[in-house]
Amino acid sequence: MKKYNFNEIALRKGTYCVKHDMTPEVFGTDDLLPMWVADMDFKTPDFILEAIRKRCEHEVLGYTFAPDGYKMAVLNWFRERYGIETRWSRMHFIPGIVQGIAFVLQTFTLPGDKVLITTPVYPPFLNVPHRTGRVFVSSPLRTVDGRFTFDFEDLERKAEGCKVMILSNPHNPGGTVWTKEELARVADICLRKGVLVISDEIHADLSYRRSQHTSFTTVSEAAKSNSITFFAPSKTFNMAGIASSICYVPDPEIRKTLFGFLDGNELSLGNIFAYYATEAAFAHGGEWLRQLLIYLQGNIDAAEQYLKEHCPEITFMRPEASFLLWMDFRAWNLPQKELVHKLIYDAKVGLNNGTDFGPEGEGFMRMNIGTNRATVLEGLRRICSVRSK
Ligand SMILES: Cc1ncc(COP(=O)(O)O)c(C=O)c1O
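Just so you know, we're using our numbering here: the sequence shown kicks off at 3 and counts up by one.
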């Protein structure tokens, strides 16, 4: 069995990569360790690169529709990983999930309509409704026993009059893997209030206990009949630049409306590399992913240990999925602007600003540990070195 070496990371600077090459634009300086945008510094797995190379051997990159091998690999992955037994006709290729969310808002809502989210959350969940003239209504999450959970009473109140809910399942930035019971309650509230649920499951495969992730449609009939789910191999296999995602809609009416919009807008054909890369990821990615998750968990353990020893007043929500740490800097007692400034210009680390995830992010920052352990520890060393200044 091949052993992958995740201590080895790719030199990404100079490749137009967002994380490394957009730092001047985003942070106002190039002199920092970038630990922000959510992709990883590891090489995209060799079997995916090989599939792309192999397709190039044909020497014609013309219009191409979804190959059977791609569809089969997706359906097998869904069956094995999420317990979803379905057919390709209930799925649709989409380039990106944020785009998919925008498509759903355009299909099922009008400008001025209300969109329900729970904050803090991945910033496009706030920005996409706002930029498309919709109004987001936020139900703040609660922290119980070191993990996020919903405030169901608040959610029930806020759902009133909303058309769509956007759910991060698992959750970014908390890394929370929602339980079946939590999701079933969300599904029940949304069905009763007439709120269509978008379940964004881009982080699903990065759950730390394999069977732990619960795909929204599997929790109840209410969930299945009233939802649109998005999946992608992009986070899991570090291939976000390939722009390959999948939308799954079990309900025939919702499907007809959404797929009608997608096809009507000529969004039916995917891109050739997305198909072959995704097929390779799902057909051959199990072992690579298993080893990746062990490595990432080691990073989380190392980060926890380092902070305990060097800077115990900073803590983070231990992620149940994915490679993002929601770090709590409230003990430093700094206004957010000063905290951000200190981390950029004194510590020289590029983290995501907590308040970009909603007002509940005051005093928090998000750190990406999808890199090698030495880089994780270097980032933490930099942060801890400025703690008491
Ligand atoms: C919850 C969530 N959804 C969507 C995305 C981005 O998806 P895409 O690049 O397919 O638009 C991210 C990336 O960080 C994410 O965390």
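The C-beta atom is built at its ideal place from N, Cα and C for all residues, glycine as well.
Got a sec? Which residues, its chain only, sit under 6 Å from residue i by beta carbon, not counting five neighbours each side?
| i | result |
| --- | --- |
| S201 | L169, N171, F218, S229 and T231 |
| A274 | This sequence places Ile at residue 274; Ala is not what is there. Within the same chain, I274 has close Cβ partners L63 and T66. |
| S222 | A186 and A189 |
| D115 | R136 and K165 |
| V117 | P131, R136, F138 and V166 |
| T145 | none |
| D156 | S141 |
| L309 | I316 |
| Q293 | Y6 |
| R297 | Correcting the residue type first, residue 297 is Tyr in the shown sequence and not Arg. So the list reads F8, once near-sequence residues are dropped. |
| Q214 | V179 |
Which whole-angstrom value describes the C-beta separation of residue i and residue j, a residue pair presumed to lie in contact below a C-beta threshold of 8 Å?
| i | j | result |
| --- | --- | --- |
| A234 | I248 | 7 Å |
| A242 | D41 | 5 Å |
| K397 | V39 | Because the chain in this structure spans residues 3 to 391, residue 397 falls outside the shown range and cannot be described. |
| T17 | F239 | Between F239 and T17 the Cβ distance is about 18 Å, and since that is not below 8 Å, they are no contact. |
| L353 | M74 | Going by Cβ atoms, the distance from L353 to M74 rounds to 40 Å, so no, they are not a contact pair. |
| M319 | R149 | 7 Å |
| I191 | E158 | 5 Å |
Would you report the Cα separation of residue i and residue j, rounded to the nearest angstrom?
| i | j | result |
| --- | --- | --- |
| L193 | Y65 | 40 Å |
| C58 | P361 | 47 Å |
| P142 | T121 | 5 Å |
| R89 | E82 | 14 Å |
| F263 | L13 | 40 Å |
| T317 | V130 | 30 Å |
| A279 | I371 | 24 Å |
| T134 | F127 | 12 Å |
| I1 | G85 | This structure gives no information on residue 1, because the portion of the chain shown stretches from 3 to 391. |
| L269 | E87 | 25 Å |
| F138 | P113 | 11 Å |
| F329 | G176 | Checking the displayed sequence, the identity of residue 329 turns out to be Met instead of Phe. Cα-Cα distance, rounded: 9 Å. |
| E52 | A282 | 9 Å |
| D265 | F49 | 31 Å |
| A225 | N174 | 21 Å |
| D43 | N9 | 10 Å |
| V197 | K237 | 28 Å |
| D70 | L77 | 11 Å |
| I103 | I96 | 10 Å |
| G272 | T373 | 30 Å |
| L327 | D303 | 12 Å |
| Q108 | I11 | 39 Å |
| D32 | E364 | 25 Å |
| P254 | S227 | 9 Å |
| H60 | F331 | 53 Å |
| A333 | D147 | 19 Å |
| K56 | E306 | 42 Å |
| A161 | L295 | 35 Å |
| Y124 | K195 | 24 Å |
| A349 | Y72 | 45 Å |
| F110 | A68 | 26 Å |
Could you name the residues of the same chain whose beta carbon sits closer than 7 Å to that of residue i, not counting the 5 residues immediately before and after it, in chain order?
| i | result |
| --- | --- |
| E184 | T151 and F152 |
| V106 | V166, I200, I230 and L260 |
| N413 | Residue numbering for the chain in the displayed model covers 3 to 391; residue 413 lies beyond these limits and cannot be assessed. |
| V100 | P126 and V130 |
| V1 | It is not possible to answer for residue 1, since the shown part of the chain is limited to 3 through 391. |
| T178 | R149, F150, P172 and E322 |
| K182 | T216 and V221 |
| G98 | A245 and S247 |
| G163 | K116 |
Please list, in chain order, all residues of the same chain as residue i whose beta carbon is under 8 Å from its beta carbon, the five residues on each side excluded.
| i | result |
| --- | --- |
| R92 | Y250, V251, P252 and R257 |
| W79 | F284 |
| R187 | F152 and F154 |
| C313 | L382, I385, C386 and R389 |
| Q299 | Y210 |
| A276 | F95, P97, I244, A245 and S246 |
| G30 | I346 |
How do the stretch 324-341 and the stretch 8-27 stand: do at least 3 beta-carbon pairs fall below 8 Å, yes or no? no
So, does the stretch 346-361 touch the stretch 285-295, judging by three or more C-beta pairs under 8 Å? no
Per the contact definition of three or more C-beta pairs closer than 8 Å, is the stretch 315-330 in contact with the stretch 203-217? yes
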